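Residue numbers (this note's numbering): 1 to 240. All residues carry an ideal CB built from backbone N, CA and C; glycine is no exception. Keep in mind that this is a model prediction, so the values were computed, not measured. As structure tokens, the structure follows; a few thoughts come after it.
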Amino acid sequence: MIPLPKNSEILPDADTVARAAADRLVALCAAAPDRPVAVCLSGGSTPKRLYALLAGPDYRDALPWARLHWFFGDDRHVPWDDAASNVRMAREAFAGAPIPVDNLHGIPTEGTLEADAAAYGTELNAFYGADRLDPGRPLFDLVLLGLGEDGHTASLFPGKPALDEATAWVAPVPEAGLAPFVPRITLTFPVLASARSVLFLVTGEAKRAPLERLAEGETLPAFRVAGPVIWLLDRAAAGA
Ligand code: 6PG
Numbered sequence: 001m002i003p004l005p006k007n008s009e010i011l012p013d014a015d016t017v018a019r020a021a022a023d024r025l026v027a028l029c030a031a032a033p034d035r036p037v038a039v040c041l042s043g044g045s046t047p048k049r050l051y052a053l054l055a056g057p058d059y060r061d062a063l064p065w066a067r068l069h070w071f072f073g074d075d076r077h078v079p080w081d082d083a084a085s086n087v088r089m090a091r092e093a094f095a096g097a098p099i100p101v102d103n104l105h106g107i108p109t110e111g112t113l114e115a116d117a118a119a120y121g122t123e124l125n126a127f128y129g130a131d132r133l134d135p136g137r138p139l140f141d142l143v144l145l146g147l148g149e150d151g152h153t154a155s156l157f158p159g160k161p162a163l164d165e166a167t168a169w170v171a172p173v174p175e176a177g178l179a180p181f182v183p184r185i186t187l188t189f190p191v192l193a194s195a196r197s198v199l200f201l202v203t204g205e206a207k208r209a210p211l212e213r214l215a216e217g218e219t220l221p222a223f224r225v226a227g228p229v230i231w232l233l234d235r236a237a238a239g240a
């Protein structure tokens with residue numbers, strides 16, 4: 001087994017990884033019974049299993065849907081009905097969940113890349129009630145993240161300028177570092193770290209490569225996320 005990031009938990013398979021994340025969300029909601037709960041969704045394919053689980057019979061009635069707000073850590077700058085859209089992916093995966101229409105906060109993609117990124121930053125500011133992050137008052141209760149085979153997370157790709165954005169909450173990404181090669185919009189490191197819990201969901205043998213690069217000391221973008229990070233890995237990804 002490869003040396004793993006600290007705060008890693010190895011679980012048997014992708015289903016138990018999804019259930020572990022679902023259980024943590026239920027606990028986070030129970031710990032905040034009297035206020036909105038903000039979740040930052042990851043895109044890609046790994047989290048589909050979790051979203052469908054939350055909408056399904058095992059978890060649906062355990063969640064306070066009316067006060068759960070769902071944001072996105074990144075998206076492809078395509079229409080929301082495009083096959084590459086994370087908003088479309090989430091809507092399909094959460095099918096049947098009683099999410100109030102105003103509680104799903106998709107990243108706007110109808111304007112220019114820069115204007116849409118700025119607009120999402122303004123939306124996050126409005127939800128948070130300020131435009132500066134207070135270390136003692138996290139923006140999100142839960143941030144969900146994935147690991148790209150190149151070590152990216154959200155749309156923070158190796159070698160791209162968004163990695164260095166330390167002030168803006170949201171950044172345009174004109175050139176993606178991995179398919180789909182469409183412009184992206186991403187939350188930045190400071191905002192992703194403003195959370196009560198940050199969960200990386202990493203499953204499948206293909207993720208062993210970026211984990212091995214980490215073990216060899218490469219500080220790839222995914223490993224630069226600060227905050228209360230926990231890695232939920234299945235045995236295939238961990239090489240266990
Ligand atoms: C995206 C995601 C991205 C994803 C990783 C892993 O928009 O693609 O936010 O950061 O989490 O690329 O993707 P998979 O889960 O599909 O392997």
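Within this structure, are the beta carbons of residue 25 and residue 39 separated by less than 8 Å?
Closer than 8 Å, so yes.
Check whether the Cβ atoms of residue 234 and residue 13 lie closer than 8 Å to each other.
Taking 8 Å as the Cβ cut-off, residue 234 and residue 13 qualify as a contacting pair.
Three or more C-beta pairs below 8 Å linking the region 188 to 200 and the region 136 to 147
Output reads yes: the region 136 to 147 touches the region 188 to 200.
Do the region 151 to 169 and the region 51 to 58 touch if we need at least three Cβ pairs shorter than 8 Å?
As far as the Cβ criterion goes, the region 151 to 169 does not touch the region 51 to 58, which means the pair count is below three.
Helix or strand or just coil, what does DSSP make of residue 140?
Shown here, residue 140 sits in a strand according to DSSP, grouped into three states.
With a threshold of 7 Å (Cβ to nearest heavy atom), would residue 122 be considered close to ligand 1?
No, ligand 1 has no heavy atom inside 7 Å of this Cβ.
Can you look up residue 70 in the DSSP assignment and give me helix, strand or coil?
In this structure, residue 70 counts as strand in the three-state DSSP scheme.
In the DSSP output, which residue or residues are listed as bridge partners for residue 231?
DSSP lists 8 and 200 as partners of residue 231.
In terms of residue numbering, what span does the alpha helix (DSSP H) encompassing residue 122 cover?
Start and end: 113 to 128.
Would the beta-carbon of residue 155 fall within 8 Å of that of residue 173?
Going by beta carbons, residue 155 and residue 173 fall inside the 8 Å limit.
Is it buried or exposed for residue 193, if we count other Cβ within 10 angstroms and need 16 for buried?
Burial of residue 193 is indicated by the presence of at least 16 other C-beta atoms within 10 angstroms of its C-beta.
Count the other CB atoms, across all protein chains shown, that sit within 10 Å of the CB of residue 45; report buried if there are 16 or more and exposed otherwise.
With fewer than 16 Cβ atoms within 10 Å of its Cβ, residue 45 is classed as exposed.
Between the C-alpha atoms of residue 221 and residue 203, what's the straight-line distance to the nearest angstrom?
Annotation: residue 221 to residue 203 spans about 18 Å, alpha carbon to alpha carbon.
Please name the residue in 139, 78 and 5 whose C-alpha comes closest to that of residue 106.
Ranking the options by Cα distance to residue 106, first place goes to 78.
With C-beta atoms as the reference, is residue 231 less than 8 Å away from residue 4?
Cβ atoms of residue 231 and residue 4: closer than 8 Å.
Quick check on residue 132: does DSSP put it in helix, strand or coil?
Here residue 132 sits in coil by DSSP.
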